[in-house]
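K.L.:
Chains as they are written, first to last, in my numbering: chain H, 541 to 797; chain Y, 541 to 797; chain B, 169 to 472; chain W, 169 to 472. Where a beta carbon is used, it is the ideal one built from N, C-alpha and C, also for glycine. Keep in mind the model is a prediction, meaning the values are calculated, not measured.
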Ligand SMILES: Cc1cc2nc3c(=O)[nH]c(=O)nc-3n(C[C@H](O)[C@H](O)[C@H](O)COP(=O)(O)OP(=O)(O)OC[C@H]3O[C@@H](n4cnc5c(N)ncnc54)[C@H](O)[C@@H]3O)c2cc1C
Ligand SMILES: Cc1cc2nc3c(=O)[nH]c(=O)nc-3n(C[C@H](O)[C@H](O)[C@H](O)COP(=O)(O)OP(=O)(O)OC[C@H]3O[C@@H](n4cnc5c(N)ncnc54)[C@H](O)[C@@H]3O)c2cc1C
Ligand SMILES: Cc1cc2nc3c(=O)[nH]c(=O)nc-3n(C[C@H](O)[C@H](O)[C@H](O)COP(=O)(O)O)c2cc1C
Ligand SMILES: Cc1cc2nc3c(=O)[nH]c(=O)nc-3n(C[C@H](O)[C@H](O)[C@H](O)COP(=O)(O)O)c2cc1C
Ligand code: FES
Ligand code: FES
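(1) What do you reckon, is the C-beta of residue 770 of chain H under 7 angstroms from a heavy atom of ligand 7?
(2) Listed in chain order, which residues of the region 350-374 of chain W have Cβ atoms closer than 8 angstroms to some Cβ of chain B?
(3) If you run the structure through DSSP and keep just helix, strand and coil, what is residue 427 of chain W?
(4) At a CB-CB cut-off below 8 angstroms, which residues of chain W make contact with residue 568 of chain Y?
(5) Shortest alpha-carbon distance to residue 607 of chain Y belongs to which of Y:710, Y:552 and Y:688?
(6) Decide if residue 387 of chain W is buried, meaning its Cβ has at least 16 other Cβ atoms within 10 Å, or exposed.
(7) Anyone know if the C-beta pair for residue 718 of chain Y and residue 696 of chain Y falls short of 8 angstroms?
(8) Whose C-alpha, out of W:293, W:340 and W:307, is nearest the C-alpha of residue 322 of chain W?
(9) Do the region 454-469 of chain B and the region 424-433 of chain W make contact, defined as three or more Cβ pairs closer than 8 angstroms?
(10) Can you tell me the Cα-Cα spacing of residue 565 of chain Y and residue 602 of chain Y, whole angstroms?
(11) Residue 320 of chain B and residue 287 of chain B - do their beta-carbons sit closer together than 8 angstroms?
(12) What are the residues in the region 238-249 of chain B lying within 8 angstroms of chain H by C-beta distance?
(13) So that I know if they touch, is there some Cβ in chain H lying closer than 8 angstroms to that of residue 581 of chain Y?
(14) How would you list, in chain order, the residues of chain B whose beta-carbon sits under 8 angstroms from the beta-carbon of residue 756 of chain H?
(15) What does the alpha-carbon distance come out to for the pair residue 198 of chain B and residue 231 of chain W?
(16) For chain Y, is any of its Cβ atoms less than 8 angstroms away from the one on residue 438 of chain W?
(17) Can you pull the chain W residues whose beta carbon is under 8 angstroms from the beta carbon of residue 236 of chain B, in chain order?
(18) If you measure from the CB of residue 595 of chain H, is any heavy atom of ligand 1 nearer than 7 angstroms?
(19) My assumption, with CB atoms under 8 angstroms, is that residue 267 of chain B sits in contact with residue 209 of chain B. Please give the rounded CB distance.
(20) In terms of residue numbering, what span does the beta strand (DSSP E) encompassing residue 536 of chain W cover?
(21) DSSP state of residue 409 of chain W, grouped into three classes?
(22) Look at the alpha carbon of residue 404 of chain W and the alpha carbon of residue 422 of chain W, and state the distance between them as a whole number of angstroms.
(23) Rounded to whole angstroms, what is the Cα-Cα separation between residue 775 of chain Y and residue 574 of chain Y?
(24) Against chain H, with Cβ distances strictly below 8 angstroms, would residue 588 of chain Y count as a contact?
(25) Which whole runs of the beta strand (DSSP E) in the region 562-589 of chain Y are 3 residues long or more, in chain order?
(26) Can you say whether residue 275 of chain W is buried or exposed, counting buried as having 16 or more other CB atoms within 10 angstroms of its CB?
(27) Whole-angstrom Cβ separation of residue 752 of chain H and residue 721 of chain H, contact assumed at under 8 angstroms?
(28) Can you confirm whether residue 201 of chain W, when its beta carbon is compared against all beta carbons of chain Y, has any partner nearer than 8 angstroms?
(29) Can you give the Cα-Cα distance for residue 648 of chain H and residue 726 of chain H, rounded to whole angstroms?
(30) Would residue 202 of chain B be called buried (16 or more neighbouring beta carbons within 10 Å of its own) or exposed?
(31) What's the call for residue 259 of chain B, buried or exposed, on a 16-neighbour Cβ count within 10 Å?
(32) Write down every uninterrupted run of the beta strand (DSSP E) in the region 216-250 of chain B whose length is 3 residues or greater and which is fully enclosed by it, in chain order.
(33) With distances taken from CA atoms, which of H:637, H:577 and H:687 is nearest residue 557 of chain H?
(34) Assign residue 555 of chain Y to buried or exposed, taking buried as 16 or more other Cβ atoms, counted over all protein chains shown, within 10 Å of its Cβ.
(35) List, in chain order, every chain W residue whose beta-carbon is nearer than 8 angstroms to that of residue 184 of chain B.
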């Protein structure tokens, strides 16, 4: 897929909960085709402590209005700076990067998101729904403060929630959710995004099942386009770049999973 | 004099002409005593290409309102960033630095400013006037576009102008101004600020006269407080720091002038 | 029109702007952003005798105005390169130069010998300066005797333009530069990365799996510029300047310091189209300064 | 209350935060911003056998996240120091360490011998690594034999804590560190500046009057950290980490890498009160990580 470097204008920004920011960005050019699971490398403006671009998933795309949105957890200097942007500020994106999710042949789909890794799931649910799929969606988090936009997800599928402190939905870790009850588990495909520990736990949980598990990885990146080889993950066929061959992988291919 | 690091708030900013910015800054603490000719080391915010603070003269002080002003020529990244500041932005200053001008015993004073070097002259005229001196003021510049705030200077003394293209006042270089006519030159003290070439020309011009010439130098600086020894100028008594022993020097002390 | 062409021994470049090995992939990664026909050349990834997986993840750390990498020469080996990659890149409308690496003199020699057969590859860059492999790599570049030994062996089998890429992690870069010149190098490129390290204090662990790695980016530019200046005073063969170049003004600094051409590395990651801006910026500089040929900038630093 | 104290041979520091020579004047320049009684120590400017004017202006250039300096050891000489400066600083409520420089072994020796007589100076730092003087300086620090020769001569006449400050412009920092340890150094500090260069492309001139100068600041931190890590693995005497330290997290990196104390240099120029923030930040880190003594951080990097 052809990649672009475009300037976007911040048209809306809000700070849901205490450490997230959601940005709506208007592209200065017509948006190119973007697939769910793809990401952008963002140039962080005016921040002396940040040198490299930062990879952030495309959270949703609104082709009619030529906008995209980002869902960012504030974890360091770069993401903090993103949370400080004001409406009308400009942001430079290198995108769309990576392979994104492949659509399956059947409709027994579960999307699982944990913590901030949830970012690409909204666009995935949105895309699946546009193609007449009916995914179920499970979002897990530490507490209610970290779960946002539930109304958005509900547009595209049944939404299940779980929090570690029980403040929203069931109580426990994602893999404790009743959806994973052995005798009732009905999904053929699971798409999961979130912290690596959670992804591994989900994958372990489904080892005995006839289910394919796809995960979106978040290795640190320098270039985002396959040039630097920083972002590799060990697969059954050797080191492969998360930026160009991922970020989405079938866990069958991942060595040591 | 005791030095401080204070945050200032931009309360007014304007861009007179095409490559200058004037900033009015409100101090977050009561302003300490500041002498004309002293300067501040300014932390340039959010500019990855600027590492060190930038030395900028105190252009004027308004003790009643607890504000100072700066007059900055945009020549590079740091000064450009200053011109991009918005009202309510914060600026961090290390100040007041250097020795400033000494008040003379008599009242035959000429202030000479060239180009952007004019910055400290307004505060000097202001201070002299507060102490009942009546300086004459000569400002030279490339063209009318580079001469600003003439009304301010006129409050404190007679103002003479000269521009290289004759677009304001007399035509020529500063030293061509009729004020320097040999037979009429009456000043015992000249305070000059501006590009080094101009300062040297003024000094040369007055070599035969019974006049003391004080100049304000603009050597590049790292620390601004006498610690790094970057900013030295060669004097008759060896290398001396412009930041702590200047920026104002009697040209008699400067080697090779 | 200004004349931007330069020559490195018998290698003609349409302009002095090349891309640095390991930062530009095989070139196709950048095709959406760079018109390859407007580049002086591209130096492709390190190629070794056989397949290498490189070092474990994490291999990268951000530092102030720079980055550390510990890729460790991941590549599929020279035979795969010849079979699967060369056909895809041999018709690129620019000079394609292969960066040759190894763990033993024999490995360098055998890779160079194989690349020598590739008609469309006009030059190789001998990487005796990679800090990211346990055996060989940088070790060759940090002693004059071993730098000379590799160069000598490769010179025997490689008939086209031989560039030797030096390591900055040495006491006297000039000594090594002269050493490889004596062994028949046609050009010298410098610098490779400085050996550095980063620590995650919260985890109390090194950021890189290899503990140390190679520092690149604007942070190293002053050191690179100094070494280019020192070396170009002392050797007769053309020098290629590398290290932190991010804009036309950086590139011109290296030319003035004595480099006949330059390579852009880490800056490609921040702006994949940066090389195009650098070419345009050099042309603009020549216009503004009324200089007809970029060759007149080479070594034109005024130190009076 | 956490225990921040550390020991460098027989020199006791109330905390590991010192200031680097040439960046903190004689201490009084910072009295409006720093409570000297809260510093581990200050290393004052280089002192030589006789008065030196240093290099001509310009002596400083800004670089990406760093600066080049070419001060050239400007100072009034050891006798003036003893007569006019020592009385003013000898009662500072912290350790005052003198940075000793010279052009010949005899000069180092004679300065050290004179400083040895000053009761209130508990240690000297031997600067065999200044890149900014033609004769001597860095040359002593870039060969093991000459580094050893200076250390040996000074060790004979200097009876208190002897710190030797190393140059990073070498192929093997470990070799030189072990060399000076063998000659009786009580501690090693590193790094001094990397040799670098900057060019004003519009004027086509070097920015510094001396063409090349010493690079300092965050840009060099990864190199400094790597050298501290390498050296502290190989010597038994305590190491002092220097290079780009600008905040508590940087300081802790150096401690984890093996430094028993650190020095803050260039960062003082950007925030004259930075050392106070670093001391507070180290204390906060110990609190958060439930560590009682800063000594437990030294070399505690987890490389498993
Ligand atoms: C393909 C991809 C898609 C991503 N999508 C999103 C997204 O949609 N929303 C979102 O909030 N984040 C996303 N991330 C993660 C995001 O890139 C990092 O959080 C961000 O780069 C951190 O930058 P910073 O400057 O704020 O943190 P820094 O100041 O650089 O680091 C802060 C801390 O975070 C750690 N850290 C930084 N980057 C990573 C990483 N990639 N993996 C693990 N630890 C890291 C650092 O080690 C450090 O401890 C994605 C990452 C990838 C690779
Ligand atoms: C004591 C003192 C008082 C000053 N007062 C004022 C003032 O009131 N208003 C004002 O506009 N400027 C003043 N200056 C000059 C001002 O400090 C510089 O213009 C500024 O630092 C340039 O920063 P920059 O980042 O914009 O330029 P850079 O991007 O750093 O440099 C742009 C160009 O300017 C040159 N340059 C930078 N600094 C200097 C310098 N100090 N002398 C000569 N050339 C330089 C550089 O070599 C380069 O060619 C003063 C300087 C000193 C030392
Ligand atoms: C991710 C990465 C990989 C690199 N791989 C190689 C390599 O394979 N061979 C080589 O000679 N140099 C390699 N280098 C060094 C660069 O070619 C260049 O010499 C160095 O990065 C300095 O230039 P820069 O500051 O412009 O990046 C690599 C650098 C980076 C950042
Ligand atoms: C302006 C300046 C002057 C210096 N003078 C000396 C000196 O006289 N003696 C010395 O041993 N080191 C000197 N240094 C080196 C510093 O002490 C320190 O080793 C180096 O700057 C790296 O630390 P930093 O990155 O924290 O500045 C000087 C550094 C600077 C920036
Ligand atoms: S981030 Fe550079 S190859 Fe993936
Ligand atoms: S700027 Fe540091 S001594 Fe003057």
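P.N.:
In short, the structure shows the following:
(1) Ligand 7 is not part of the structure shown, which contains ligand 1, ligand 2, ligand 3, ligand 4, ligand 5 and ligand 6 as its ligands.
(2) Against chain B - using a Cβ distance shorter than 8 angstroms - the residues of the region 350-374 of chain W are 362, 363, 364, 365, 366, 367, 369, 371, 372, 373 and 374.
(3) strand
(4) For residue 568 of chain Y, no chain W residue has a C-beta closer than 8 angstroms to its own C-beta; the minimum C-beta separation is roughly 16 angstroms.
(5) Y:552
(6) buried
(7) no
(8) W:293
(9) Output reads no: the region 424-433 of chain W does not touch the region 454-469 of chain B.
(10) 10 angstroms
(11) no
(12) 239 and 242
(13) no
(14) None at all; the shortest Cβ gap to chain B is about 16 angstroms.
(15) 29 angstroms
(16) yes
(17) 390
(18) yes
(19) Going by Cβ atoms, the distance from residue 267 of chain B to residue 209 of chain B rounds to 12 angstroms, so no, they are not a contact pair.
(20) With chain W covering 169 to 472 only, the question about residue 536 of chain W has no answer from this structure.
(21) strand
(22) A straight-line Cα-Cα distance of about 17 angstroms links residue 404 of chain W and residue 422 of chain W.
(23) Roughly 26 angstroms separates the two Cα atoms.
(24) yes
(25) 579-583
(26) buried
(27) At roughly 19 angstroms, the Cβ-Cβ gap does not stay under 8 angstroms, so residue 752 of chain H and residue 721 of chain H are not in contact.
(28) yes
(29) Computed Cα separation, rounded: 7 angstroms.
(30) buried
(31) exposed
(32) 228-231 and 234-237
(33) When each option's Cα is compared against that of residue 557 of chain H, the closest is H:687.
(34) Exposed, because fewer than 16 other Cβ atoms sit within 10 Å of the Cβ of residue 555 of chain Y.
(35) Going along chain W, no residue has its Cβ under 8 angstroms from residue 184 of chain B, so there is no contact; the nearest lies around 14 angstroms.
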